[in-house]
Amino acid sequence: IATSIPFIVLATTDIDITLGQILTAWLAVAAVYGTFYIVEPLTYFPILGPAGMYQAFLIGNIANKLVPSAIVAQNTLGTTPGTRKAAYAATAAISGAAVVHVVSLVGLVGVLGTWIVSITPESITDVARIYILPAILGGVMVQLIATLKQVRATLIAIGVSLAVVFLIVPYTPKFVSGFAVAIAVVLTVVVAWYTRDRSAATEGAEDPDVEDSLIN
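For the sequence shown, our numbering assigns the number 62 to the initial residue and increments by one for each residue that follows.
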């Protein structure tokens with residue numbers, strides 16, 4: 062919907078822009094974010110479930126806030142991802158994360174935000190702008206690794222990511238490197254699937270939680 066706004070503007074206003082300009086800009090954005098239209102629903106659904114997916118895409122901050130909270134809740138309760146019990150846990154965790162987020166925003170941003178910014182030295186602010194995103198994503202990654210305890214999948218993900226960053230991105234056309242995230246995700250899933258522990262999968266088939274699977 063958001064990427065269709067230029068077409069709406071073209072059809073309803075007298076702004077001096079052409080359809081060619083809009084298509085060029087739209088394709089540039091779609092080339093970067095279009096892969097997420099497919100990758101995100103496929104990767105999030107087994108963890109969040111139907112209700113959790115609805116909540117997550119309404120709230121936002123899915124990868125760095127809602128998915129980690131859902132995984133921690135499921136791990137604490139000992140539920141199997143992809144089951145109804147896990148989906149209920151994810152829904153409750155997302156609700157809790159959203160409440161904490163809103164309360165924090167009201168207190169730290171709405172009430173104290175201007176004051177905190179005014180007393181923070183500019184040098185610290187400049188450093189924070191550079192490192193805040195890596196710090197958040199790094200913390201989330203460490204939390205997921207510690208919670209899931211999937212050593213094989215973790216090593217595969219790190220290896221594939223390094224290969225994409227240092228081999229694919231520098232030595233491929235920009236069109237291909239623009240899909241670096243999608244390539245890393247797909248390759249990680251494929252490699253992890255083909256190197257999975259078959260015996261563990263057989264034992265999992267006898268788990269009573271399998272009968273409660275979301276896809277049954």
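By construction, the Cβ of each residue, glycine as well, lies at the ideal position given by its N, Cα and C atoms.
None of these values were measured; they are calculated from a predicted model.
Nearest-angstrom Cα distance between residue i and residue j?
i: Val133; j: Ile180; result: 35 Å
i: Gly253; j: Pro142; result: It should be noted that the sequence gives Ala, not Gly, for residue 253. Cα to Cα, the separation comes out at about 17 Å.
i: Ile66; j: Thr256; result: 44 Å
i: Ile83; j: Gly95; result: 16 Å
i: Phe227; j: Val203; result: 22 Å
i: Ile99; j: Ile108; result: 16 Å
i: Lys34; j: Thr74; result: In the structure displayed, the chain extends from 62 to 277; residue 34 sits before or after that span and is not available.
i: Phe106; j: Pro182; result: 42 Å
i: Thr208; j: Ala91; result: 33 Å
i: Ala214; j: Val251; result: 11 Å
i: Asp258; j: Ser165; result: 42 Å
i: Phe240; j: Leu88; result: 13 Å
i: Thr186; j: Val167; result: 21 Å
i: Asn136; j: Thr79; result: 52 Å
i: Ala189; j: Val170; result: 16 Å
i: Ala153; j: Leu119; result: 15 Å
i: Ile76; j: Val70; result: 8 Å
i: His162; j: Ile177; result: 18 Å
i: Val247; j: Ser184; result: 39 Å
i: Leu138; j: Val242; result: 31 Å
i: Ala86; j: Phe68; result: 11 Å
i: Val212; j: Gly220; result: 12 Å
Please look up how many angstroms separate the CB atoms of residue i and residue j, rounded, as I've assumed it's under 8 Å.
i: Val225; j: Ile206; result: That belief does not hold up - the Cβ atoms of Val225 and Ile206 are roughly 19 Å apart, past 8 Å.
i: Asp201; j: Pro102; result: A quick correction: the sequence has Val, not Asp, at residue 201. Contact doesn't hold; Cβ gap of about 19 Å is too wide.
i: Ile217; j: Thr249; result: 6 Å
i: Ile229; j: Ser238; result: 7 Å
Is the CB of residue i under 8 Å away from at least one CB in chain B?
i: Val225; result: Absent here is chain B; the protein component of the structure consists of one chain.
Checklist entry - Any contact of the segment 230–244 with the segment 147–166, i.e. 3+ C-beta pairs under 8 Å? => result no
Checklist entry - Is there contact here, the segment 146–153 with the segment 106–122, by at least three beta-carbon pairs under 8 Å? => result yes
Checklist entry - Which whole runs of the alpha helix (DSSP H) in the segment 235–262 are 4 residues long or more, in chain order? => result 235–238, 241–255
Checklist entry - Which runs of the alpha helix (DSSP H) fall wholly inside the segment 172–200 and span at least 4 residues, in chain order? => result 174–180
Item to check | Whole alpha helix (DSSP H) elements within the segment 72–115, 4-residue minimum | outcome: none
Item to check | Inter-stretch contact at 8 Å, needing at least 3 Cβ pairs: the segment 183–202 / the segment 120–130 | outcome: yes
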